[in-house]
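Chemist:
Residue numbers (the numbering used here): 2 to 160.
If you want it as structure tokens, here you go:
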């Protein structure tokens, strides 16, 4: 039930922040942070489909390109599982490496779908200000969120 509440809250806050910040600056990706929190305590066999499913729901709610967020969150979850094996998730530097690495993997998934759908508007040269501002805000917001609320979802931590 905590996971459902987490995602409902993340979707509502994401919509609020997107409307509040508008065209000025890209808002932090709260759905990405909620996905990382949710997959923290489960095995990759559950976490990867969960991330893909949340991405599909995000695609359906945003009426965007089909599979864009699904593949992005899937790549982010895969990078999370790989990076948490390399660094200590309990330390600040490890959390920073995992957040930035999985965020870059999310955007790699976006660019893969954009390349596959032949979308000219998804050019990395024109989207770097969006990606950079979203990454900075997400990491700055993500570190305290994970430090404070990460304990709620680590009860099932895999070893």
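All residues carry an ideal CB built from backbone N, CA and C; glycine is no exception.
By alpha-carbon positions, which one of 69, 32, 100, 46 ends up nearest to residue 5?
Modeler: Comparing Cα positions, the closest option is 32.
Chemist: What do you reckon, are the CB atoms on residue 131 and residue 35 nearer than 7 Å?
Modeler: No, they are not a contact pair.
Chemist: Check whether the Cβ atoms of residue 114 and residue 144 sit closer than 7 Å, and answer yes or no.
Modeler: The answer is no: Cβ separation not under 7 Å.
Chemist: How do the segment 69-82 and the segment 97-105 stand: do at least 3 beta-carbon pairs fall below 8 Å, yes or no?
Modeler: Counting Cβ pairs under 8 Å, three or more are found: they touch.
Chemist: What does the alpha-carbon distance come out to for the pair residue 38 and residue 93?
Modeler: Rounded to whole angstroms, residue 38 to residue 93 spans 15 Å at the Cα level.
Chemist: Quick one: give me the first and last residue of the alpha helix (DSSP H) that residue 74 is part of.
Modeler: Unbroken alpha helix (DSSP H) run through residue 74: 69-87.
Chemist: Rounded to whole angstroms, how far is the Cβ of residue 71 from the Cβ of residue 56, which I believe are closer than 8 Å?
Modeler: Indeed they touch by this definition, with Cβ atoms about 3 Å apart.
Chemist: Using the rule of at least 16 other Cβ atoms within 10 Å of the residue's Cβ for burial, across every protein chain shown, is residue 87 buried or exposed?
Modeler: Exposed: under 16 other Cβ atoms inside 10 Å.
Chemist: Indicate the three-state DSSP secondary structure (helix, strand or coil) for residue 145 in the structure shown.
Modeler: Correct three-state label for residue 145: helix.
Chemist: Would DSSP call residue 25 helix, strand or coil?
Modeler: Three-state result, residue 25: coil.
Chemist: Do the CB positions of residue 60 and residue 50 come within less than 7 Å of each other?
Modeler: Contact: no.
Chemist: If you run the structure through DSSP and keep just helix, strand and coil, what is residue 107?
Modeler: Helix.
Chemist: Rank 128, 90, 98 by C-alpha distance to the C-alpha of residue 108 and give the top, closest one.
Modeler: Of 128, 90, 98, the residue nearest in Cα terms is 128.
Chemist: Can you give me the C-alpha to C-alpha distance between residue 89 and residue 97, rounded to a whole angstrom?
Modeler: Going by the C-alpha atoms only, they are around 10 Å apart.
Chemist: Quick one, which of 64, 111, 29, 52 has its alpha-carbon nearest residue 82's?
Modeler: Answer by Cα proximity: 52.
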